[in-house]
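Chemist:
Protein chains: 2
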Amino acid sequence: MKPEGLVKQEHILEAAIKRFSHFGISKTTLTEIAEDLAISKPSLFYYFTDKNGLIAEVAKKIINEFLEKFENKLQSSSSVEAGLLSLVEVKRNHFKKYFLLAIQADGVDQLKVSNNLSEVYGEARKKTISLMSCLFKKGIEQGELKPMEVERTSVLIIDVLSSLDGCMKDKRFIPNINDFDAFFNKQEEVLKMLLNGLKSNTWKN
Amino acid sequence: MKPEGLVKQEHILEAAIKRFSHFGISKTTLTEIAEDLAISKPSLFYYFTDKNGLIAEVAKKIINEFLEKFENKLQSSSSVEAGLLSLVEVKRNHFKKYFLLAIQADGVDQLKVSNNLSEVYGEARKKTISLMSCLFKKGIEQGELKPMEVERTSVLIIDVLSSLDGCMKDKRFIPNINDFDAFFNKQEEVLKMLLNGLKSNTWKN
DNA sequence: TTTTTGACTTTTCAATCAAATGAGTCAGAA
DNA sequence: TTCTGACTCATTTGATTGAAAAGTCAAAAA
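Below, the structure is given as structure tokens:
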């Protein structure tokens with residue numbers, strides 16, 4: 005595939021993301037995506053092996069966007085607390101932006117989409133853990149936090165946060181953008197509370 | 005209904021619980037429950053208004069059992085940490101014992117079962133919050149914890165724990181008793197970490 | 001040679017309906 | 001008061017099918 009091909013592929017991804025995040029994955033057809041781009045449906049198959057392949061690429065794209073934003077915010081964070089809260093902020097915006105697409109909020113069978121996809125999620129998780137671990141390590145070095153197992157702690161916190169994400173999917177009704185805030189506010193609260201126990205300002209060995 | 009009637013009702017509840025927790029609510033028929041007890045199906049309707057009524061009573065029964073056990077454990081707890089961990093322990097046993105019945109793990113439509121049922125859950129939640137608040141209050145009085153908003157903190161912690169419960173329901177496969185432990189171990193870890201921030205041993209105003 | 005498409009086949013899904021199963025009623029027996 | 005046989009009604013299940021979507025391919029267009 006030539007360079008122009010990659011541009012086209014990118015256009016397709018964007019069109020797909022628009023539809024997916026607006027109407028959900030299962031409710032958008034390849035024909036619709038093709039029509040949006042004023043091309044024929046078979047063309048899509050030239051750039052992607054099948055619908056699941058397209059979905060997988062979409063997932064990769066928005067996950068990378070998420071990680072990038074988080075990493076950026078993190079760099080401009082002056083404290084561990086600010087860094088942690090930026091994770092919630094980025095998640096909040098991400099969920100609002102991608103709405104239904106908020107991957108798997110829709111009834112998509114993870115495994116069918118691609119064995120690959122679980123890997124993508126796995127990588128994203130690892131990356132997030134690694135970023136948080138770094139944040140903690142720096143916090144410890146600078147005396148903001150007590151010494152502790154940064155990796156283990158990061159995993160735990162990330163698991164708690166994503167289990168709180170899970171609550172959103174319970175909601176029967178169609179997710180309302182405004183309702184998201186309640187969930188993420190709660191996540192902020194939890195983070196602050198957890199952080200409390202990690203801080204060293206009151207800590208004597 | 006005479007006193008013997010209540011005994012019989014209790015028998016029915018027990019039979020129902022056996023079936024429900026083994027096969028799930030939607031997979032057990034009233035006929036089966038009646039057969040287990042060697043009575044006729046219409047007899048069930050003498051003691052309960054309908055299947056949903058039966059389900060609601062079952063729910064009440066096991067929720068009360070849960071609260072009782074928690075309250076007992078709590079009384080013999082010597083520290084806030086022991087008290088909190090006893091909550092997880094009781095939950096762990098409860099889930100193992102009632103397996104599929106682990107309320108709503110089965111595909112039961114909450115509202116249909118009875119508007120009443122949501123109230124029952126609401127009451128249980130309130131009660132749990134109240135018990136935990138008490139525990140915290142005592143902990144503060146005895147200098148084990150820093151002063152804080154006990155109610156607010158309890159709500160937050162209970163929400164975190166139950167969102168972690170929620171993860172179990174994601175699991176596609178039939179819940180394996182042994183797998184439960186991983187989930188509850190994680191809950192213990194989280195509790196310990198949260199508790200860290202609440203403790204006063206290192207706290208100066 | 002790369003990219004695109006019209007015309008095609010195959011798969012998947014939702015609507016329909018009949019049969020079966022389970023929920024729930026009731027008159028009357030114990 | 002407690003219980004049941006014989007019933008009705010409602011819901012679920014499975015088979016059928018028609019339509020829509022996914023996916024293929026040979027050949028045209030760039």
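Listed in order, the protein sequences are those of chains A and B.
The first sequence begins at 5 in this note's numbering and counts up by one.
The second sequence begins at 5 in this note's numbering and counts up by one.
For every residue, glycine included, the Cβ atom is placed at its ideal position computed from N, Cα and C.
The structure presented is a predicted model; accordingly, all values stated were derived computationally and were not measured.
Mind checking if K190 of chain A is an interface residue toward chain B, Cβ cutoff 8 Å exclusive?
Modeler: Position 186 of the first sequence, counting from 1, holds the residue named residue 190 of chain A. For K190 of chain A, the answer is yes, since a Cβ of chain B falls inside 8 Å of its Cβ.
Chemist: Leaving out the 5 sequence neighbours to the left and right, which residues in its chain are closer than 7 Å to E61 of chain A when beta-carbon positions are compared?
Modeler: Looking up residue 61 of chain A in the first sequence gives position 57. These residues qualify, in order along the chain: L17 and F52.
Chemist: Measure the C-alpha to C-alpha separation of V92 of chain A and Q191 of chain A and round it to an integer number of angstroms.
Modeler: Residue numbering aside, residue 92 of chain A sits at position 88 when the first sequence is read from its first letter. Residue numbering aside, residue 191 of chain A sits at position 187 when the first sequence is read from its first letter. In a straight line, the C-alpha of V92 of chain A is about 7 Å away from that of Q191 of chain A.
Chemist: Under a three-way DSSP split, which group does L41 of chain A fall into?
Modeler: Position 37 of the first sequence, counting from 1, holds the residue named residue 41 of chain A. It is coil, neither helix nor strand.
Chemist: Can you find the residues in the same chain that come closer than 8 Å, C-beta to C-beta, to S90 of chain A, ignoring five residues on each side of it along the sequence?
Modeler: Within the first sequence, residue 90 of chain A is the residue found at index 86, counting from 1. The residues F74, K77, L78 and S81, in chain order, have a CB closer than 8 Å to that of S90 of chain A in the same chain once the five nearest residues on each side in sequence are set aside.
Chemist: For the candidate residues B:K131, B:Y125, B:A63 and B:K203, whose alpha-carbon lies nearest to that of K150 of chain B?
Modeler: Here residue 150 of chain B refers to the residue found at position 146 of the second sequence. Of B:K131, B:Y125, B:A63 and B:K203, the smallest CA-CA separation from K150 of chain B is found for B:K203.
Chemist: Count Cβ pairs between the stretch 164-174 of chain A and the stretch 165-176 of chain B that sit closer than 8 Å; are there 3 or more?
Modeler: yes
Chemist: Pick from B:A42, B:A20 and B:L41: whose alpha carbon is nearest that of T32 of chain B?
Modeler: Translated into the one-based positions of the second sequence, residue 32 of chain B becomes position 28. Cα-wise, what sits closest to T32 of chain B is B:A20.
Chemist: Secondary structure at K131 of chain B, three-state DSSP: helix, strand or coil?
Modeler: Position 127 of the second sequence holds residue 131 of chain B. Note: K131 of chain B maps to helix in three-state DSSP.
Chemist: Hey, is the stretch 155-169 of chain A in contact with the stretch 135-146 of chain A, meaning 3+ C-beta pairs nearer than 8 Å?
Modeler: yes
Chemist: Listed in chain order, which residues of the stretch 145-168 of chain A have Cβ atoms closer than 7 Å to some Cβ of chain B?
Modeler: Within the stretch 145-168 of chain A, the residues whose Cβ lies closer than 7 Å to some Cβ of chain B are L160, D163, V164, S167 and L168, listed in chain order.
Chemist: Between K208 of chain A and V154 of chain A, what straight-line distance do the alpha-carbon atoms span, to the nearest angstrom?
Modeler: One-based indexing of the first sequence puts residue 208 of chain A at position 204. One-based indexing of the first sequence puts residue 154 of chain A at position 150. In this prediction, K208 of chain A scores a pLDDT of 44, lower than 50, which makes its location untrustworthy; the coordinate-derived value is nonetheless stated afterwards. When rounded, the distance between both Cα atoms is 19 Å.
Chemist: Per DSSP, what kind of secondary structure is K208 of chain B in: helix, strand or coil?
Modeler: On the second sequence, position 204 is the one that residue 208 of chain B refers to. Bear in mind that the predicted position of K208 of chain B carries a pLDDT of just 44, short of 50, making it unreliable; the figure below should be weighed with that in mind. Correct three-state label for K208 of chain B: coil.
Chemist: For K131 of chain A, which residues of its own chain have a beta-carbon under 8 Å away from its beta-carbon, when the five flanking residues on both sides are left out?
Modeler: In the first sequence, the residue the question calls residue 131 of chain A occupies position 127. The answer, listed in chain order, is L71.
Chemist: Ignore the nearest five residues each way along the sequence and tell me which others in H98 of chain B's own chain have a CB closer than 6 Å to its CB.
Modeler: One-based indexing of the second sequence puts residue 98 of chain B at position 94. Same-chain partners within the cutoff: F70.
Chemist: Scan the stretch 157-203 of chain B and note each continuous alpha helix (DSSP H) run of 4 residues or more that stays entirely inside, going in chain order.
Modeler: 181-202
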